[in-house]
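Colleague: Below you will find the structure I want to go over with you.
Residue numbers (mature numbering (1 follows the signal peptide of the UniProt record, and there is no 0)): -18 to -1, 1 to 71.
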């Protein structure tokens, strides 16, 4: 799964910006979402993301960056996040 996330992210125009997370964390974040069907509710994230090694702050930073780049969308109730087909097939 991590391999697929890495391949998906290699194709992204992610600018090398001053981030508070590593590329490995970004790949692991996407892999966790891929393992959950490319979408995750807040309740699922509370359970699954710590198991994947993420705290709430890092998860939020990555999620917001993906949303800002059009690579993820928040649900209408802002209680879920879905990765775009571009990075999660």
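All C-beta atoms, glycine included, are put in the ideal place defined by N, C-alpha and C.
Using C-beta distances below 6 Å, list every residue in its chain close to residue 48, excluding the 5 sequence neighbours before and after it, in chain order.
Modeller: Counting only Cβ-Cβ distances below 6 Å, and skipping sequence neighbours, we find 54.
Colleague: Measure the C-alpha to C-alpha separation of residue 45 and residue 3 and round it to an integer number of angstroms.
Modeller: If I take the Cα positions, the gap works out to 11 Å.
Colleague: When you compare only the Cα positions, how much space is there between residue -16 and residue 52?
Modeller: Caution is warranted here: a pLDDT of 45 is assigned to residue -16, below 50, making its placement in the model unreliable, and the coordinate value is therefore given only provisionally. In a straight line, the C-alpha of residue -16 is about 22 Å away from that of residue 52.
Colleague: DSSP three-state label for residue 48, please.
Modeller: If DSSP states are grouped into helix, strand and coil, residue 48 belongs with the helices.
Colleague: Leaving out the 5 sequence neighbours to the left and right, which residues in its chain are closer than 6 Å to residue 1 when beta-carbon positions are compared?
Modeller: For residue 1, where only same-chain residues beyond five positions count, there are no Cβ hits under 6 Å.
Colleague: In angstroms with no decimal places, state the Cα-to-Cα distance between residue 64 and residue 12.
Modeller: Looking at the two C-alpha atoms, the distance is approximately 10 Å.
Colleague: Under the three-state reduction of DSSP, which class applies to residue 67: helix, strand or coil?
Modeller: Coil.
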